[in-house]
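Each remark here refers to the structure printed beneath this line.
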Amino acid sequence: MRKLLEGLSLFQRVAYPRHRKLFERLAKNQTPQAVFISCSDSRVVTNLLVQAEPGDLFIIRNAGNIIPPAGSSYGGTTASLEYAIVALGIRDVILCGHSNCGAMKGVLHPETLDGMPAVRQWVSYADAARRAAVAAHPGASDDEMLERVVDFNVIAQVRNMMTFPFVSRLVEKGELQLHGWVYDIATGRVKGLDASGRRFVPLGGDEKGSPDERNALASVEGDEEFWERL
Ligand SMILES: [Zn+2]
99 MRKLLEGLSL FQRVAYPRHR KLFERLAKNQ TPQAVFISCS DSRVVTNLLV QAEPGDLFII
159 RNAGNIIPPA GSSYGGTTAS LEYAIVALGI RDVILCGHSN CGAMKGVLHP ETLDGMPAVR
219 QWVSYADAAR RAAVAAHPGA SDDEMLERVV DFNVIAQVRN MMTFPFVSRL VEKGELQLHG
279 WVYDIATGRV KGLDASGRRF VPLGGDEKGS PDERNALASV EGDEEFWERL
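In my numbering, the protein residues as written are 99 to 328.
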């Protein structure tokens, strides 16, 4: 904790004065460019990832970057999303999963969640991702299965967002964009869902991506029944 308090002191003495004008402007209101939904994991540093300044991102974080579908749970995640879109009028939502996600490990191995009933209940909202990964990649190694669950969870949670009328109405009118991303902690690479919602493509300066990532969802891309179940 001492390191954090020293950091606070440094912020007040050095960083705040350097950005004084920005903070004075932000004190009156906020006009964020995007909602950024990510896992609570300490390794996902949202502002650093997109080089955003204070006021740029409206951030929603929870274990596993999960959006419970409409009607299932009106908790903080749903309320924050509703406020961001309805009250603040934000028109881009980025939902970003990440590599080596502990919550997704829990989705794959619920037996490890004994003694954590709240976590167990919460990650059950990502079970569609586990079922999809197992169906699309039977026989995958544990590590590969985890990567695929991370991918499918992003797809599933973007779809869950569409169950809210305050989201789907605007998306259908072309006034709200939903973006599904996956961040790889080890390489800094980020891939994003393309317009089909069934394929990831490299984002940012990463032109190529890895062949494994490009082909990960290819086996199920045209399987309509598979996508209906997700
Ligand atoms: Zn995570």
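We treat Cβ as the ideally placed atom computed from N, Cα and C, and that holds for glycine.
| Query | Result |
| --- | --- |
| Is any heavy atom in ligand 1 found nearer than 8 Å to the beta carbon of D139? | yes |
| State buried or exposed for H114, treating a residue as buried only when at least 16 other CB atoms are found within 10 Å of its CB. | Position check: residue 114 holds Tyr in this sequence, whereas His was assumed. Per the 10 Å Cβ criterion, exposed. |
| With a threshold of 8 Å, establish whether the CB of V142 neighbours any heavy atom of ligand 1. | yes |
| Counting C-beta neighbours from all protein chains within 10 Å, is the total for I253 16 or more, i.e. buried, or is it exposed? | buried |
| Pick out whichever of T176, S107, T129 has its Cα sitting closest to the Cα of T261. | T176 |
| Which same chain residues, not among the five before or five after F250, have their C-beta less than 6 Å away from its C-beta? | A227, A230, A231 |
| Identify the residues that DSSP records as bridge partners of K289: which are they? | V280, P300 |
| With 16 as the cutoff for other CB atoms within 10 Å, does S136 come out buried or exposed? | buried |
| Please list, in chain order, all residues of the same chain as Q128 whose beta carbon is under 8 Å from its beta carbon, the five residues on each side excluded. | G153, F156, L186 |
| Can you tell me whether A224 sits near ligand 1, meaning its C-beta is under 8 Å from at least one heavy atom of the ligand? | no |
| CA-CA distance, A125 and E151? | 14 Å |
| Give a single yes or no on whether H207 has its beta carbon closer than 8 Å to a heavy atom of ligand 1. | no |
| Kindly indicate which three-state DSSP category S136 falls into: helix, strand or coil? | strand |
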